[in-house]
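Undergrad: No gaps in the numbering here: position 79 of the sequence shown is 78 in numbering that gives the first Met the number 0, and each next residue is one more.
All C-beta atoms, glycine included, are put in the ideal place defined by N, C-alpha and C.
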Amino acid sequence: MRYAVLSDIHSNLEALTAVLEVLATERIDRTLCLGDVIGYGADPSACLERLQACKAVTVGGNHDLACVGELDANWFNDAARAAVLWTRAQLSIADLDALRRFPLMTTVEPFTLVHGTLRHPQRFDYLVDAAQAVDTLTTCRTLICLVGHTHLPCFIEFDRAHRRLTRMVTSPAEMADLPYEDDPEAKRYLVNPGSVGQPRDGDPRASFTIVDTDRRRVSV
Ligand code: ZN
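(1) Counting by C-beta, which residues lie closer than 5 Å to a heavy atom of the ligand ZN, in chain order?
(2) To the nearest angstrom, how far is the alpha carbon of Leu84 from that of Arg187?
(3) Relative to the C-alpha of Ser194, which candidate in Ile27, Asp35, Thr24 and Ser170 has its C-alpha closest?
(4) Candidates Ala172, Ala160, Cys153 and Ala175: which alpha carbon is nearest Arg166's?
(5) Please tell me whether Val56 and Pro102 are closer than 7 Å, where the distance is taken between their beta carbons.
(6) Helix, strand or coil for Thr165, going by three-state DSSP, please let me know.
(7) Which residue wins for smallest C-alpha separation from Gly115, given the options Arg163, His62, Gly40 and Ala3?
(8) Would you check if the distance between the CB atom of Pro145 and the CB atom of Leu33 is smaller than 7 Å?
(9) Rounded to a whole number of angstroms, what is the C-alpha to C-alpha distance between Arg122 and Gly60?
(10) I'd like the list of long-range same chain contacts for Asp134, defined as Cβ closer than 6 Å, with 5 residues on each side in sequence excluded.
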């Protein structure tokens, strides 16, 4: 199976369209989305529609939940809170219903999907250090944990027996083609696909990931 993994689209329809055009040439079996479909950008409804059209399995991000009142808007800084309030006013009842149905986490074997961290998905902590990575990877019950939220692509390998991180990759060149082992007894992997609509890694291009579970390769 070939999975497309998208995250943090943030209502950026131009970026989402560009990514979907690439994916149309990539023989994708299933699309997974790690949340923050909306917030900041100009086209929240259209982005939700495009994701629904490709039957993406989607978990909720902090922006998604805030728009339906399931996360206090005071969680956000001023600019993000203004974006939440503006976005909420643009959405139809059907859009709001769709957002309400996003779970905080879900499993699509061999993946666990969550926006922030697995230990406390409802807190929307940013997974930015080794301790948080170990915490999420010891909590994860599937081979690969997919996270978003930081808008920074990364790939981490975890050795379960020794409870330590054995590989951490953030360089774009290396992330283009990363092998992994299909050995859930020994290993766990954490993959952040980066952000479709608002990259924060210094590269303005939309970021996304393809995981090929037959060839056992991750490509950011
Ligand atoms: Zn985000």
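TA: Judging by the given coordinates:
(1) The filter returns Asp7 and Asp35, in chain order.
(2) Between Leu84 and Arg187, the C-alpha separation is close to 38 Å.
(3) Minimum Cα distance to Ser194 is reached at Asp35.
(4) Out of Ala172, Ala160, Cys153 and Ala175, Cys153 has the C-alpha closest to the C-alpha of Arg166.
(5) Taking C-beta atoms as the reference points, Val56 and Pro102 fail to come closer than 7 Å.
(6) DSSP places Thr165 in strand when its eight states are reduced to three.
(7) Closest by alpha carbon: His62.
(8) In the sequence as presented, Pro is not what sits at residue 145; that position holds Leu. Yes, they are a contact pair.
(9) Whole-angstrom Cα-Cα distance: 10 Å.
(10) A distance below 6 Å between beta-carbons, with the five flanking residues on each side excluded, links Asp134 to the following residues of its chain, in chain order: Arg118.
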